[in-house]
Amino acid sequence: MSALSRHAVSAFKRTTATALRTSAMSTLRPTSCAPRHLAASSQLPTRTFSVSAAVRSATATVQNDPKWKNGEKVTYDEVKPLTQSPSDKILLIDVREPNEVALGSIPSSVNLPLSTFEKNLSMDEGDFTRVNGFHKPTKQQPMIFYCRSGVRAQTAVDLAKAAGYKWARNYEGSYTDWQKHEESNPNKDD
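Its first residue numbered 1, the sequence shown is counted upward by one per residue in the UniProt record's numbering.
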């Protein structure tokens with residue numbers, strides 16, 4: 001087996017192991033799980049637990065964190081723990097289009113494409129949940145947005161803040177940065 005083949009097999013095993021661990025831990029709908037054409041379907045899984053207590057807890061935490069107060073960019077080191085112990089405390093939102101998400105996403109993230117972002121935020125809770133497969137964030141919900149490189153994510157942060165969502169931050173480097181770190185640290189999850 002060539003060195004390239006061994007590397008590809010090793011990368012596949014790491015990716016598969018991480019995906020299995022993450023999906024087993026997460027009750028969130030993975031971004032690649034439900035194509036947009038199924039979004040209105042009753043088959044689309046949604047979160048079945050209350051997010052209000054988690055949001056209150058997270059809000060109390062971020063209110064005293066200067067990084068959240070100042071809207072600083074998020075780093076890989078802040079995102080990684082969210083994928084290892086997913087919760088509703090901080091919502092990780094992928095604003096890429098579904099065809100981009102199909103190529104890979106950060107574990108435990110949910111998809112809310114920038115192309116429908118404003119429309120989705122203007123929906124009532126019930127419609128939002130039916131269309132997107134997760135509960136509409138409250139105005140106090142801490143959210144981290146990402147895209148491919150961080151540009152669309154910053155637009156999402158700006159739109160969210162303009163709509164009254166106070167705790168929104170951008171994962172600088174976004175999915176490109178995530179992939180780089182994951183590939184350079186193959187045993188980081190082990």
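Heads up, the beta-carbon is just placed ideally off N, CA and C, and yes, glycines get one too.
| query | result |
| --- | --- |
| Range of the contiguous beta strand (DSSP E) that encloses aspartate 94 | 91 to 94 |
| As assigned by DSSP and simplified to three states, the class of residue 203 | No answer is possible for residue 203: it lies beyond the span of the chain, which begins at 1 and ends at 190. |
| Whole-number beta carbon distance between threonine 83 and serine 108, since they are thought to touch under 8 Å | 5 Å |
| Proximity winner among Glu72, Asp94, Lys80, relative to alanine 153 (alpha-carbon distances) | Asp94 |
| Neighbourhood of alanine 163 by C-beta distance below 6 Å, restricted to the same chain and skipping five residues each side | Leu121 |
| Residue burial classification, proline 137 (beta-carbon count within 10 angstroms, cutoff 16) | buried |
| Boundaries of the alpha helix (DSSP H) in which asparagine 99 is found, first to last residue | 98 to 101 |
| Stretch-stretch touch, CB-based, cutoff 8 Å, three pairs: the segment 142 to 150 with the segment 100 to 117 | yes |
| Per-residue DSSP class, three states only, for tyrosine 171 | strand |
| Nearest neighbour of valine 101, chosen from Leu91, Val157, Pro113 [CA to CA] | Pro113 |
| Reference alanine 92, options Phe134, Ser184, Phe128, closest by Cα | Position check: residue 92 holds leucine in this sequence, whereas alanine was assumed. Taking only the C-alpha atoms, the option nearest leucine 92 is Phe134. |
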